[in-house]
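Single-structure report; data block below.
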Amino acid sequence: MTEPRSVKISDDERGAWSSDRPRREGSGPPREPDLSTRCRVLRPTDRMRYSPGSLVFIVSPSEAERERFLERVFVEEKGAVLSPGKIRELIAGRVPDDVLEEKATELAAAAALKRIEAGESTVVAPDGLAAEQRKALLQAASKLRRPRHMILLDVGRDDLDEEKREELNALRTSLDAGELGKEGFQTAMRLGGATVGELKRVVFRPAPKDD
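Quick note on the working numbering: the sequence shown kicks off at 50 and runs consecutively.
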């Protein structure tokens, strides 16, 4: 197995709020923070090493594929993984079925935020593809200057309805063009077909000093 590919984020790439200038009274709602940064598009590899304290989003239209990927690839980092699917399993029967999904998403987000604020490595696997689902945690990670990464599992498109397929196509296009930096991601990698199985491990480790 090859040496893990390291992802290094320099201090000037980490990003933060774009402007802390106060707004004049009555000038409208507070500015949305500008999270934009340079996003490097990474090629698939068999091992990935992210810096400790990184926020990694695993995004996929298929919950089953996403959960299998998390179990297989983050075997050394299980404590960092937060997914609504796993949380639903843990709280099923303890909350009403009609709020199960909402509660699982809420608990996953709260746990992720707590880890980010503590400087701990965090892996988030939201149910959907929408940028809105990623925004709050990306804002928190950017404000605290945590590295931010995405892995897109480009699978299961044949099972999607037209709206979801268009959403996946748009996300894939943005990733390939390096445009996910607008959301605040500093690296992004797309895995599809055979390349999903290519990636064997993701770890959070400092890069070797001679790397």
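All residues carry an ideal CB built from backbone N, CA and C; glycine is no exception.
As the structure is a computational prediction, the values presented were derived from the model and not from experiment.
Per DSSP, reduced to three states, the secondary structure at Thr236 is strand. Taking Cys88 as reference, the option from Val251, Glu232, Gly242 and Glu247 with the minimal CA-CA separation is Glu232.
For Leu202, the enclosing beta strand (DSSP E) has its first and last residue at Arg197 to Leu202. The C-beta of Arg143 has fewer than 16 other C-beta atoms within 10 Å across all chains shown, which makes the residue exposed.
For Thr154, the secondary structure class from DSSP, reduced to helix, strand or coil, is helix. Residue pairing by DSSP places Ala113 in no beta bridge whatsoever. According to the DSSP secondary-structure assignment, Ala167 is paired through a beta bridge with no residue. CA-CA distance, Phe253 to Glu126, rounds to 8 Å. Here DSSP, grouped into helix, strand and coil, assigns Phe106 to strand. Only buried fits Pro133, as 16 or more other CB atoms lie within 10 angstroms of its CB.
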